[in-house]
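Just so we're aligned: 188 in my numbering is position 188 of the sequence shown, and the numbers increase by one with no gaps anywhere. Glycine included, C-beta positions come from ideal geometry on N, C-alpha and C. Given the structure is predicted, the values throughout are model-derived calculations rather than measurements. In what follows, a single structure is set out as structure tokens and then discussed.
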Amino acid sequence: MNYKKMKNLFLRQSYLDSWEDYENSLRKPSFIKWDYIILTASNEEQARTYREQIDYRLAQGLLPAGTHYAVLPDPDGKRVGSGGATFHVLKYIAEKEQQESAANLFKNRRILVIHSGGDSKRVPQYSACGKLFSPVPRQLPNGYASTLFDEFIIGMSGVPSRIPEGMLILSGDVLLLFNPLQIDFNYHGAAAISMKENVLTGKDHGVFLNDGNDYVGQFLHKQSEERLRELGAVNGQDNVDLDTGAVIMDSDLLYALFSLISTDGRFDYDKFREFVNEEARISFYGDFLYPLARSSTLEQYYREAAEGTINDKLLACRRKIWEVLSPYSMKLLCLSPAEFIHFGTTTELRRLVTADVEDYEFLDWKKQVATTAPEQASYAAHNSYVGKRARVSAGAYLEDSYILDETQIGQGSVISNVKLRNVSVPDHVVLHGLRLLDGRYVIRIYGVEDNPKGTLEKGAGFLGTSLQAFLEKNGLSAEDIWENGEHYLWFAALYPAADTMEEAIRLSLIVKRMADGATSPEEREEWKKADRKSLYSSFNEADVLAISRWQHELESRILASKFVWAIEGGSYYKDALGVFGAHGISSDIYEMLLEDAEKAAFSLKIRIYYALAQYMKEKRITFHGKGYDSLEAMCFGTIQKTIYDCAAAKLPSSQDYRIARDEVAVELPVRVNWGGGWTDTPPHCNERGGAVLNAALKLNGIYPIQIRVKRLKQLHVEFASTDIGASGSVETVEEIQDCHNPYDSFALHKAALIACGIIPLQGGNLEEICRRLGGGISLSTRVVGIPQGSGLGTSSILSGACVKGLFEFLGRETSEEEIYDIVLNMEQIMSTGGGWQDQVGGLSPGIKFITSMPGIDQKIKVEKVQLSEKMKKELQERFVLVYTGQRRLARNLLRDVVGGYLGGRPESIDALEKMQNLAVLMKFALERENLDAFMDLLNQHWELSKQLDAGSTNTCIEQIFMACEDMIDARFIAGAGGGGFLQMILKKGITKEMLKDRLHEIFQESGVDVWDSTFV
1 MNYKKMKNLF LRQSYLDSWE DYENSLRKPS FIKWDYIILT ASNEEQARTY REQIDYRLAQ
61 GLLPAGTHYA VLPDPDGKRV GSGGATFHVL KYIAEKEQQE SAANLFKNRR ILVIHSGGDS
121 KRVPQYSACG KLFSPVPRQL PNGYASTLFD EFIIGMSGVP SRIPEGMLIL SGDVLLLFNP
181 LQIDFNYHGA AAISMKENVL TGKDHGVFLN DGNDYVGQFL HKQSEERLRE LGAVNGQDNV
241 DLDTGAVIMD SDLLYALFSL ISTDGRFDYD KFREFVNEEA RISFYGDFLY PLARSSTLEQ
301 YYREAAEGTI NDKLLACRRK IWEVLSPYSM KLLCLSPAEF IHFGTTTELR RLVTADVEDY
361 EFLDWKKQVA TTAPEQASYA AHNSYVGKRA RVSAGAYLED SYILDETQIG QGSVISNVKL
421 RNVSVPDHVV LHGLRLLDGR YVIRIYGVED NPKGTLEKGA GFLGTSLQAF LEKNGLSAED
481 IWENGEHYLW FAALYPAADT MEEAIRLSLI VKRMADGATS PEEREEWKKA DRKSLYSSFN
541 EADVLAISRW QHELESRILA SKFVWAIEGG SYYKDALGVF GAHGISSDIY EMLLEDAEKA
601 AFSLKIRIYY ALAQYMKEKR ITFHGKGYDS LEAMCFGTIQ KTIYDCAAAK LPSSQDYRIA
661 RDEVAVELPV RVNWGGGWTD TPPHCNERGG AVLNAALKLN GIYPIQIRVK RLKQLHVEFA
721 STDIGASGSV ETVEEIQDCH NPYDSFALHK AALIACGIIP LQGGNLEEIC RRLGGGISLS
781 TRVVGIPQGS GLGTSSILSG ACVKGLFEFL GRETSEEEIY DIVLNMEQIM STGGGWQDQV
841 GGLSPGIKFI TSMPGIDQKI KVEKVQLSEK MKKELQERFV LVYTGQRRLA RNLLRDVVGG
901 YLGGRPESID ALEKMQNLAV LMKFALEREN LDAFMDLLNQ HWELSKQLDA GSTNTCIEQI
961 FMACEDMIDA RFIAGAGGGG FLQMILKKGI TKEMLKDRLH EIFQESGVDV WDSTFV
């Protein structure tokens, strides 16, 4: 195994160990954690966004609750250097601790300090929000997109247990990968955390020279390769001991530093101001670490490069710092294997996330993190919404942005914090947006390789040209873009502020065309007159909290869209919910999903509602006082309303209706379902069509579905349901139009009058309608001898009988197809949500193969299955209908089964697809007189029914089937099952009487019995 592979395996395991430590720090009160985690910031605005980021993570439970968190901006907004910021940290802790003895201020305290107060000039898109919270191309195991800060917190979670006390100081732009078990800090003074890196990397950073005893002999900052080799800092593998910016200081050393800003152990403001000011601008790395090197000298210390400029105030500070620090030394902790990743410049950042990211696959880094961008895209994206029509070129990097509609992003460009709609961005530019405190927007555009520290005088580049050429091409002088001072790109007033982001984007692209020498005089004049900002001023005037809000809103939008797209793609809703990870669905995401549903087409709309309802049900949560039942009602209400609106538009008119017969009676059979049940139910039939095989039956020698319509002298309507002993009369159309209550004994009767066009959906006068018809109407229904919940389709067939009888009563000639259509409408008027197979099964005699094509407006095609006399006879002899003695009581049966389909439950989708196929095969088997094949298919269908709905069977049903196992070749349920009737096909030689005797013997007077049935 090669070294790189071993190193990667070690670092991956180290990361997993750190993640475990991190989770323990969140969950276990006894786990050793940091007492303080303190961030430094450049100014109060930057500190505000840091605090907001920390508060957000605390609210999400992503940071250890027992730790004290603080963000300290440079005092008074002055740049005081990283050393000055460290003094500020010591002051803060001293004030917090307030102990009797100042000597104990830092004892038994574990403190993590992350210096993160830079301007980020080399990566300007992070100036306002801070490089510390810049993205890292990894999605954390908890589902959150990672940042440098998150990686610091995770990676350093195991360190507190490795140091008894003291302070760990980190640089906020360097990501360190190592195993904390390699740290063992029990030394007096300080320890520098180092790792081996190639000299070519070391020469651009700091390097420690080992004194031979694993202590820092010299601190070498940005020395040439030749100089490093000359001093003996380069080993035989061309590696150096790299300064990672990570240093541990014990409590005694911290107290020694604190003595410089205190008197008699008490904080002294005057001394503090002596060290913490703009003129001295003390550097933690240059001014604090150099005196700790064993071979350092005061004379050389005075000459060390400064963070600002070397001046008398700095030299005075250095003399006092030397006095307190030189007695200490710095242990060199060289960690291996380890990794050092520097987020230095825009070019480095782009290379890291688009190309080098592949080198960190072992850490689960990838180009696309928390984005809607395709996983295999040739560009990188982090927390960005990429629309399906947008075009992004290879090597580009998108972060915290919306890329919408026909937007095109050029090759290698970096897009940050903007919303682009139908915009074309050139190659190799950075486009970064900021909202200002006054509510306006600035879009900063510059070249990926431009150096904001470059000056006009030194030929600094800008957008593919130079600053000098930019001025010349546009007839500008230096005074047009710089007020005073040196002519740095950082201070150039190039970017017009605008009231909207869209306008600011347009103006920024004018800047690019100015660099290309391709603007019109009008555009140049518009640019000149604009209120323009520089990289520096725009970052200082930025509304940093708006950045956080934007990021969180965008994160929610991305998650919501990924979820919706997963649902739209047919994913099981539970799998789709996985996109939310540990976040879950927040109130913001809930609102976004409701908006998405409102705008979505029928199929997607109902699935969003359903998935949301299931999530709320499973998590037992509500949003804005609404529970899961409200969302479930929206789902099924949308199905019902969509189909109802289609049905209502086709209802016939009653204007020319007249009663033609004084009395009409209709008697219909029941139906048994064989193949394709549930595929006729909305919305499956509307989206995929339906295919059903069923047959009509008489029971006990009669047609059990019976209705009677009579003319009345009174100009009103009378209803009766004689099998349940209910009757009544109505005097107004409003009473009939109120037909949506499933508990109304006459809901079916009322819906029949409306579906046939006798009573309008709205308005009208019942007495006038009856007078025009030629009398009142009596509609009486009856289901003879069949218990409720039979599974034989009695309710829908009764609806069909009512429609058939009413049209005969009115003397209207109607085809079976028209009646099917009207009964479908009737089902929607009653809000029952049922399918179409039951009414077709009872209205048309014989065995039927019934199909429909997808569409809201269902057109039903009925094909009579032609059987030979021999097959009819054998089927009649061997087919048996057995009553279970119980009726199914599942009130939410329809919602459960349809919900499985809507939610994309794999077992439901699979079962419904196969059921349609079985219906076709059953028809074929019967026509070919192959009863054995038909029975085998029926048994297969029974297994699919149980797969679709576990409630289709129960202990009683299974006992009945087991009791006659040796007597039957096929078994099935009637309707949805779970009770009611069972269907069986007897073995040859077994009679119905033999089965009846067996059932009576076992189940006695429980109601389990064979019923007389005849195909019609």
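**Message:** Considering only their Cβ atoms, is the gap separating Val-386 from Gln-125 smaller than 8 Å?
**Reply:** no
**Message:** Which residues does DSSP list as the beta-bridge partners of Arg-971?
**Reply:** Met-984
**Contacts around Gln-828, its chain only, beta-carbon distance under 7 Å, and the 5 residues preceding and following it disregarded** = Gln-640, Ile-643, Tyr-644 and Ala-647
**Request:** Using alpha carbons as the reference points, say which of Lys-988, Asp-969 and Ile-957 lies closest to Phe-1009.
**Result:** Residue 1009 is actually Asp in this sequence, not Phe. Selected option, being the one with the closest Cα: Ile-957.
**Request:** Give every residue of the same chain whose Cβ lies closer than 7 Å to the Cβ of Val-544, excluding the five residues on either side of it in the sequence, and list them in chain order.
**Result:** Glu-45, Gln-46, Arg-48, Thr-49, Ala-128 and Cys-129
**Asked** Are the Cβ atoms of Thr-67 and His-115 separated by less than 8 Å?
**Response** no
**Request:** Can you tell me the Cβ-Cβ gap for Pro-160 and Lys-33, rounded? I've got them flagged as a contact below 8 Å.
**Result:** 6 Å
**Asked** Cβ atoms of Ala-751 and Cys-739: under 8 Å apart, would you say?
**Response** yes
**Message:** Checking 8 Å against the spacing of the C-beta atoms, do Ala-492 and Arg-440 come in under that value?
**Reply:** no
**Message:** Applying the 10 Å Cβ sphere with the 16-neighbour rule, what's the burial state of Met-935?
**Reply:** buried
**Message:** For Trp-490, report the span of its alpha helix (DSSP H) as first-last.
**Reply:** It is not in any alpha helix (DSSP H) - Trp-490 carries neither H nor E in the DSSP assignment.
**Nearest residue (CA-CA) to Lys-453, options Thr-681, Lys-992, Gly-344 and Val-733** = Gly-344
**Asked** Are the beta-carbon atoms belonging to Ala-1027 and Leu-937 less than 8 Å from one another?
**Response** Summary: the structure shown does not reach residue 1027, with the chain confined to residues 1 through 1016, and so no result is reported for it.
**Prompt:** Alpha carbon to alpha carbon, what distance is there between Thr-781 and Phe-719?
**Reply:** 8 Å
**Asked** Thinking C-beta only, is Ala-306 closer than 8 Å to Ser-329?
**Response** no
**Request:** Would you mind working out which of Phe-563, Glu-591 and Asn-277 sits nearest Leu-604, comparing C-alpha positions?
**Result:** Phe-563
**Asked** Between Glu-225, Asn-311, Lys-4 and Asn-383, which lies nearest to Ser-134 when the distance is taken from Cα to Cα?
**Response** Asn-383
**Request:** Could you check how far apart the C-beta atoms of Leu-112 and Met-156 are, in whole angstroms? I think they sit under 8 Å.
**Result:** 6 Å
**Message:** Determine whether the beta carbon atoms of Val-414 and Val-448 lie at a separation below 8 Å.
**Reply:** yes
**Request:** Could you work out which residue in Ala-280, Lys-710, Phe-87 and Asp-405 is closest to Gly-775 when comparing CA atoms only?
**Result:** Lys-710
**Request:** Give the single residue among Met-830, Asp-723 and Asn-765 whose Cα lies nearest to the Cα of Asn-741.
**Result:** Met-830
**Request:** For the alpha helix (DSSP H) containing Ala-566, list its first residue and its last residue.
**Result:** 544-568
**Prompt:** Which stretch, first to last residue, makes up the beta strand (DSSP E) that contains Thr-781?
**Reply:** 776-783
**Message:** Just to confirm before moving on: does the CB-CB distance between Ile-786 and Val-670 stay below 8 Å?
**Reply:** yes
**Asked** Between which two residues does the beta strand (DSSP E) containing Tyr-302 stretch?
**Response** From DSSP, Tyr-302 is part of no beta strand (DSSP E) but of the alpha helix (DSSP H) over 298-303.
**Item:** Bridge partner(s) assigned by DSSP for Gly-206
**Value:** His-221 and Asp-243
**Asked** Secondary structure at Tyr-69, three-state DSSP: helix, strand or coil?
**Response** strand
**Asked** Quick one: what's got a C-beta closer than 8 Å to Leu-893's C-beta in the same chain, skipping five residues either side?
**Response** Asp-949, Gly-951, Ala-976 and Gly-978
**Request:** Look at the Cβ atom of Ile-797, then the Cβ atom of Gly-846, and state whether they are nearer than 8 Å.
**Result:** no
**Met-935 - containing alpha helix (DSSP H), residue span** = 931-948
**Request:** Please look up how many angstroms separate the CB atoms of Tyr-379 and Ala-394, rounded, as I've assumed it's under 8 Å.
**Result:** 6 Å
**Message:** Let me check understanding here. Comparing Cα to Cα, which of Ala-747, Leu-712 and Glu-299 lies closest to Arg-661?
**Reply:** Leu-712
**Option nearest Trp-674 by Cα separation, candidates Lys-473, Gly-578 and Val-692** = Val-692
**Message:** Cutting at 7 Å between CB atoms, please list the residues of its own chain near Ser-556, excluding the five before and the five after it.
**Reply:** Ser-586, Asp-588, Ile-589 and Met-592
**Item:** Proximal residues to Tyr-488 (C-beta, below 6 Å), its chain only, five neighbours per side dropped
**Value:** Thr-455
**Request:** Note the first and the last residue of the continuous alpha helix (DSSP H) segment covering Asp-645.
**Result:** 628-648
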